[in-house]
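Report on one structure; see the data block that follows.
Number of protein chains: 2
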Amino acid sequence: MTIAKFIYDSAFRNMDLYYATCFLTHDPVVFFEFKGKKYLILDVLEYERGRRSAKVDKVINASAYVNNSEIRKGNIKDILQITNLIFKSLKIKTLEVPINFPLSLAKSLEQAGYKLTIGNSLFYPEREIKNKDEKRAITITQRNTFKLIGVVEQILAASKIKKNRIYYKGNIVTSEFLKEQIQMLAIKLGCDLSEGIVVACGNQGTDPHELGTGNIKPHQSVVVDIFPRSQKTFFYGDATRTFCKGNPSPQLVKQYNTVKTAQMKAIKSIRAGINSRKIHESIINYFETRGYKTGKINGYEQGFFHGTGHGVGLQIHESPPYIGSKDCILKEGHVVSVEPGLYYRGVGGVRIEDLVYVTKTGCEVLGHYAKKLRIL
Amino acid sequence: MTIAKFIYDSAFRNMDLYYATCFLTHDPVVFFEFKGKKYLILDVLEYERGRRSAKVDKVINASAYVNNSEIRKGNIKDILQITNLIFKSLKIKTLEVPINFPLSLAKSLEQAGYKLTIGNSLFYPEREIKNKDEKRAITITQRNTFKLIGVVEQILAASKIKKNRIYYKGNIVTSEFLKEQIQMLAIKLGCDLSEGIVVACGNQGTDPHELGTGNIKPHQSVVVDIFPRSQKTFFYGDATRTFCKGNPSPQLVKQYNTVKTAQMKAIKSIRAGINSRKIHESIINYFETRGYKTGKINGYEQGFFHGTGHGVGLQIHESPPYIGSKDCILKEGHVVSVEPGLYYRGVGGVRIEDLVYVTKTGCEVLGHYAKKLRIL
């Protein structure tokens, strides 16, 4: 076979490329894998660093083929000129490319006589199963995630309620203030939070993707969802807790306990070989027996209208592991989030999320943080 | 014409999409523009937020077409089913897609009978010319960039040299410590630095893409290159200064002054209508007349081996404005970096970088920070 795996992308955007090379560039590079050997083609600006640190078999200097080559700027002529020479000598004629391979380069390669086949939705299927080191890396990030959630709990615990506001050391507690404090600790922990932080109070928390702004109000739910990436290993953590400073309404307490029970039931039912769709469906059923319906109410989607969980690894949402309305057989070594939630305007949002590592007989929850709504 | 602009991507990765919609999602969404009207198709999880905040003419709820649609997970079947219905009613048959459009979706659309044409390398060519608001946004981020560079200068100025180390408040000054201090201020300024920070001392600074680690040594050059993105406007800043705590060698002083003069000459020659290749070439010539040659020395690329500048905007490297070895006519409204550098192992790296806004008669430097090598 003369088939080579071929990627043209930036490893900051394409985690398969990072997985294959352990080499980060912002600008795109050419990578190919052929007969078990990995190759990177780098412009002069990246070449020395690549030669020192990329985990590949050969780093090729593009400038040895084209003067002032501009691979990193998407110069298709340069890419074709260099790869043509290399592929000819290696007798490579067919390229297996990722599903999101850039269309324009694909057309040029086809015109140049290459046959392109689109790879599996997982370009490196082995990425799905986390090995010991990867599990450890996720666990470390997840422990840091809980430290970051702890920032919110500690500040709320040390705060005082006056009328409809919460004060910490004399200042009104806002979503922005809490996020700033979370970010300060994240720097110390080497965690990147550039994809955002959810600290969403009251009705804001009923939209699961609303990041939250403004005053944190007493007696209302506060959804805190943090998904940092380790700046060292690049593995993500992902956890959510819901708090209430003051006295939650009886409806909020019931909603919280229902989500908490649902999450624990889901965690108990996870093991290798199970179809995760069933776990998702039993959460929906459980919510319905407790009186929590999902659907449009007053023009807003309310209830439980997202999946129960998703794979986590070098990406915050990583396929295939998935707990939702479509079939997915969980495997030993999958890492998935378990994050049921209930969202009703007027009562507030409640979500509780942990990461689990799937084993033959069950699952391990990674890291630990108490599930407690009320903060006095 | 029945042609529609079509994007399938995440606005975090695809700044054309953000430019078109002012709506950020991590997961990909479907966007199209037809007869001057902009449309977004969102899964239920994004729909409410999109309806509230996306700057488009119509936000379409995918769940009105497909139960539990998974557009955001790259489910091509769902994307085709929904777009087929919508495109049929609007009589859209031809799609103009970006050059990096995902290959697999492209093939599916072609099989479904659509004609795909690949758009210009700038999907929204108007992005190239910065309007008043965009210029202001870049200027604000650039002023913050200089505040962040100031962190390094202030710490070095307040530090003491003992033997081969630099001490600040009793602790050894390292690249990591300086970056932590930069990040702390960045949080206060609302700047995202997740793409990295360069604080590279001595020989580290001779590799322009090396971020730097370990002790900052006295009497050596320290290249400080910071490129933050505003968390509010998403426009980047980009600036570099080179410092030396203590007594720089005469070679380093000469190298610094040469780069400083070259940068000032380049800034003076910039105006709309000029071919920027000439600016780049005259920097190379100037360096050569001063005795600075570029090429491999002892196996390392040394001298001046990168472009003089690149466009900056919603991306840190933004085409087409470019100052380098290829032709590029600068236009009024371009924002480009001007960043010559000289890198010699044993002497150290020197780079000085500002952003300029190109005008009819010259250019405006955005923000201000002194260019001074030596810190006592």
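The listed protein sequences correspond, in order, to chains A and B.
Sequential numbering from 15 applies to the first sequence in my numbering.
Sequential numbering from 15 applies to the second sequence in my numbering.
Heads up, the beta-carbon is just placed ideally off N, CA and C, and yes, glycines get one too.
- Assignment of Q234(B) by DSSP, reduced to helix, strand and coil, places it in the coil class.
- When the beta-carbon positions are compared, I337(A) and G355(A) stay at least 9 Å from each other.
- Around the beta carbon of N81(B), fewer than 16 other beta carbons sit within 10 angstroms, so the residue counts as exposed.
- Ranked by Cα distance from V326(B), the options K282(B), S351(B) and A171(B) are led by S351(B).
- Taking 9 Å as the cut-off, the Cβ atoms of V361(A) and Q265(A) count as close.
- Taking a beta-carbon distance threshold of 9 Å, P222(B) counts as an interface residue toward chain A.
- In its chain, beyond the 5 residues on either side, Y182, V187, L192 and Q195 have a beta carbon closer than 7 Å to the beta carbon of I169(B).
- Taking 9 Å as the cut-off, the Cβ atoms of L380(B) and T35(B) do not count as close.
- In the DSSP annotation of this structure, the continuous segment of the alpha helix (DSSP H) that includes V58(A) starts and ends at V58 to S67.
- The beta carbons of G363(A) and P222(A) sit closer together than 9 Å.
- For N75(B), the enclosing beta strand (DSSP E) stretches over residues K72 to N75.
- DSSP places D147(B) outside any beta strand (DSSP E); the residue lies instead in the alpha helix (DSSP H), whose first and last residues are K146 to A171.
- About 5 Å separates the CB atoms of E224(B) and Q218(B); that is less than 8 Å, so the two are in contact.
- Counted as a single uninterrupted DSSP element, the beta strand (DSSP E) harbouring Y181(A) occupies residues R179 to Y182.
- In the structure shown, the three-state DSSP call for I211(B) is strand.
- For M198(B), the residues of chain A that pass the 8 Å Cβ criterion are M198 and I201, in the order they occur in the chain.
- Among the residues of chain A, those whose CB is under 7 Å from the CB of R27(B) are R27, following chain order.
- Excluding residues up to 5 positions away in sequence, L170, A171, F257 and K259 lie with their Cβ nearer than 6 Å to the Cβ of I389(B) in the same chain.
- By the Cβ neighbour-count rule, E124(A) is exposed, with fewer than 16 other Cβ atoms within 10 Å of its own.
- Excluding residues up to 5 positions away in sequence, R359 lie with their Cβ nearer than 7 Å to the Cβ of Y314(B) in the same chain.
- With the criterion set as a beta carbon lying under 8 Å from some beta carbon of chain A, the members of the stretch 123-141 of chain B are L130, I132 and S135, in sequence order.
- In this structure, Y250(B) lies away from T322(B), with their beta-carbon atoms at least 9 Å apart.
- Between the stretch 40-50 of chain A and the stretch 272-283 of chain B, the count of C-beta pairs closer than 8 Å stays below three; the two stretches do not touch.
- One finds N82 in chain A with Cβ atoms closer than 7 Å to the Cβ of S339(B), taken in chain order.
- Annotation: I186(B) has no Cβ neighbours in chain A at a cutoff of 9 Å; minimum Cβ distance is about 18 Å.
- In the three-state reduction of the DSSP assignment, A25(A) falls in the coil class, being assigned neither a helical nor a strand state.
- Here the C-alpha atom of I106(B) lies approximately 10 Å from the C-alpha atom of L99(B).
- A check of alpha carbon separations from L199(A) across I330(A), C215(A), S244(A) and S77(A) identifies S244(A) as the nearest.
- Shown here, F46(B) sits in a strand according to DSSP, grouped into three states.
- V349(B) and L369(B) have their C-alpha atoms spaced approximately 7 Å apart.
- Taking the C-beta atoms as reference points, V273(B) is found no nearer than 9 Å to I163(B).
- Pairing L109(B) with I17(B) gives a Cβ-Cβ distance under 9 Å.
- Listed along chain A, the residues sitting closer than 9 Å to P116(B) by beta-carbon distance are P112, I113, N114, F115, P116 and L117.
- Residues of chain B whose Cβ lies closer than 7 Å to the Cβ of K385(A) do not exist; the shortest such Cβ separation is about 23 Å.
- The continuous alpha helix (DSSP H) containing S122(A) extends over residues L117 to Q125.
- Rounded to the nearest angstrom, the Cβ distance from V111(B) to L130(B) is 6 Å, consistent with a contact under 8 Å.
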